[in-house]
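Participant:
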């Protein structure tokens, strides 16, 4: 009896999945969040592995249920799910319920890892570098270069993480959760924190000099606002407090100094 040929995803399938991953949030909805986008990105997997109508229907039912993730880290889920579906299609998994359980379990680590890397490190650092460049020069052409630099700094790791996630997810399968800790991404965290710190120091220094040169009241407002924000953040207050309190302080000081 001739053995059935092993079903295998191709490089073109992975390119298709990678490109589709950019649209994972375009059909976001309150019921399934990004489930429809995830299923859309996995369509190349279904087309490659399943030919029967009932197999395709079961595949869609598995991946249209509730799912949420950080958009850039979605590729880790896509790569791992592609591997598990491949194993299932080749009879290497006992049942599809294992895929569903994994899919549900990976939601938390994906969201946490993506938020810690991009929203807490890469995005603020990239913005600070762009702002530092914008306030340092007056020429429009240089400002446009700074804007381009911001986009490059932000999107280079973005595009790379989408690729890395797909690759590592497929290689690791069930074990992909082990690399979703922010420590795994120190090769990005450390340089971006350094860049962000430099840019923040420059922006603060520039604002100090600019405030002092205009009026002592401006300098007082800036210093008090900055110190109050730093104190509140250091004491782990709610995120909105380090923003609202300095604004209130600025308004109060501005009211008393408005006649000077």
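In our numbering, the protein residues as written are 1098 to 1357. Using N, Cα and C, we set each Cβ at its ideal position, and we do this for glycine too.
Going by DSSP in three states, residue 1156 sits in which element: helix, strand or coil?
Facilitator: As a first step, residue 1156 is located in the chain shown; it is residue number 59 there, counting from the start. In this structure, residue 1156 counts as helix in the three-state DSSP scheme.
Participant: Quick check: the segment 1131-1138 against the segment 1160-1169, are there 3 or more CB pairs under 8 Å?
Facilitator: With the cut-off at 8 Å, the segment 1131-1138 and the segment 1160-1169 touch.
Participant: Along the chain, where does the alpha helix (DSSP H) containing residue 1138 start, and where does it finish?
Facilitator: Along the chain shown, one-based indexing puts residue 1138 at 41. Residue 1138 -> alpha helix (DSSP H) spans 1132-1138.
Participant: Going by other Cβ atoms of all chains shown within 10 Å of its Cβ, with 16 needed for buried, is residue 1098 buried or exposed?
Facilitator: Counting from 1 along the chain shown, the entry for residue 1098 is found at position 1. The pLDDT assigned to residue 1098 is 39, lower than 50, so where the model puts this residue is not dependable; a value taken from the coordinates is nonetheless given after this. With fewer than 16 other Cβ atoms within 10 Å, it is exposed.
Participant: Would you mind reading off the limits of the alpha helix (DSSP H) that contains residue 1249?
Facilitator: Within the chain shown, numbered from 1, the residue matching residue 1249 stands at position 152. Its alpha helix (DSSP H) spans residues 1237-1269.
Participant: Near residue 1122, what residues of its chain come up, given a Cβ to Cβ distance below 8 Å and the 5 sequence neighbours on each side ignored?
Facilitator: Residue 1122 sits at position 25 when you count from the first residue of the chain shown. The answer, listed in chain order, is 1131, 1134, 1168.
Participant: Please list, in chain order, all residues of the same chain as residue 1204 whose beta carbon is under 6 Å from its beta carbon, the five residues on each side excluded.
Facilitator: As a working mapping, residue 1204 is identified with position 107 in the chain shown. Excluding positions up to five away in sequence, the list reads 1165.
Participant: For a test of the three-state rule: what should DSSP assign to residue 1201, helix, strand or coil?
Facilitator: Taking the first residue of the chain shown as position 1, residue 1201 is located at position 104. Helix, per DSSP.
Participant: Does the segment 1186-1194 come close enough to the segment 1253-1260 that 3 or more CB-CB pairs lie under 8 Å?
Facilitator: These segments do not touch.
Participant: By Cβ distance below 6 Å, which residues in the same chain neighbour residue 1222 in space, the five residues on each side in sequence not counted?
Facilitator: Here residue 1222 refers to the residue found at position 125 of the chain shown. Excluding residues within five positions, the ones whose Cβ falls inside 6 Å are 1289, 1292, 1293.
Participant: Taking residue 1113 as part of the alpha helix (DSSP H), name the residues at either end of that continuous run.
Facilitator: Taking the chain shown and counting its residues from 1, the one referred to as residue 1113 is at position 16. Looking at the DSSP string, the run of the alpha helix (DSSP H) that includes residue 1113 is 1108-1118.
Participant: At 4 residues or longer, what runs of the alpha helix (DSSP H) sit wholly inside the segment 1174-1220?
Facilitator: DSSP runs (the alpha helix (DSSP H)) wholly in the segment 1174-1220: 1194-1202, 1204-1211.
Participant: Going by other Cβ atoms of all chains shown within 10 Å of its Cβ, with 16 needed for buried, is residue 1272 buried or exposed?
Facilitator: Stepping through the chain shown from its first residue, residue 1272 is reached at position 175. So residue 1272 counts as exposed.
Participant: Can you find the residues in the same chain that come closer than 7 Å, C-beta to C-beta, to residue 1111, ignoring five residues on each side of it along the sequence?
Facilitator: Translated into positions along the chain shown, residue 1111 becomes position 14. If we look at residue 1111 and ignore the five residues flanking it on each side, its Cβ neighbours are 1263.
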